[in-house]
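Numbered by the numbering used here, the letters in the sequence shown go through residues 1223 to 1377 in order.
Backbone N, C-alpha and C define an ideal beta-carbon position, used for all residues, glycine too.
Here the structure is a predicted model, which means the values were calculated and not measured.
Take a look at the structure below.
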Amino acid sequence: MKCQKCSREKENGYTYSFFYGKQMIENVSQVDGGLIFHAPNFRTWYKIFGQHNSWICNDCLRNKIAFYSSLLALGCFFISLSILVSPIFLILSFFGLMMIAYIAKLMLSGREDIGDRMALALNESHMRETYGYYGFLTRKQYKKLKSQNAIQEET
Ligand SMILES: [Zn+2]
């Protein structure tokens, strides 16, 4: 199969996928005859037009995970630096911590979700420009929003 990421013919890989459509933001604020003003309340949901599949080889997926690992190492480096050097580096350690938390969450999400995110990133701008879609969800995000009733299929 041809990998969409490296454009090479590879033997080992998986099909990853994501959903595309439009993100809708609806004002569901309560109106009280104009007398009492409530904080505006917005509900976000997605109109889904379809699902896009991309085949990505295992080498490209491993490279992505290796990239995350090096970012994690960098984050840990900043934290140790801030402990060793001075409070000036506290701000760096704060960013380091945020980065560590974010990357760790990505890595823990598993192969399928990392691949889905790669597939999404590879196709997003093309689908945005060509078809005008501006709402994209990995299968994991789709499942979660579906359970929250925030998905509407437009088929
Ligand atoms: Zn590849």
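Relative to ligand 1, the beta carbon of D1281 is positioned inside 7 Å of a heavy atom.
Around the beta carbon of Y1356, fewer than 16 other beta carbons lie within 10 angstroms, which makes this residue exposed. Placement of the Cβ of R1284 at a distance of 7 Å or more from every heavy atom of ligand 1 is found.
Counting the other Cβ atoms within 10 Å of the Cβ of M1320 gives fewer than 16, which makes it exposed. Assigned with DSSP and collapsed to three states, N1234 falls in coil, not helix or strand.
At a Cβ-Cβ threshold of 8 Å, A1326 and L1294 count as neighbours.
Taking the Cβ atoms as the reference, S1239 lies roughly 6 Å from H1274, within the contact range of under 8 Å. No residue range can be given for E1376, since it is assigned to no beta strand (DSSP E) and is classified by DSSP as neither H nor E. Residue environment analysis places F1300 among the buried positions, since at least 16 neighbouring C-beta atoms fall within 10 angstroms of its C-beta.
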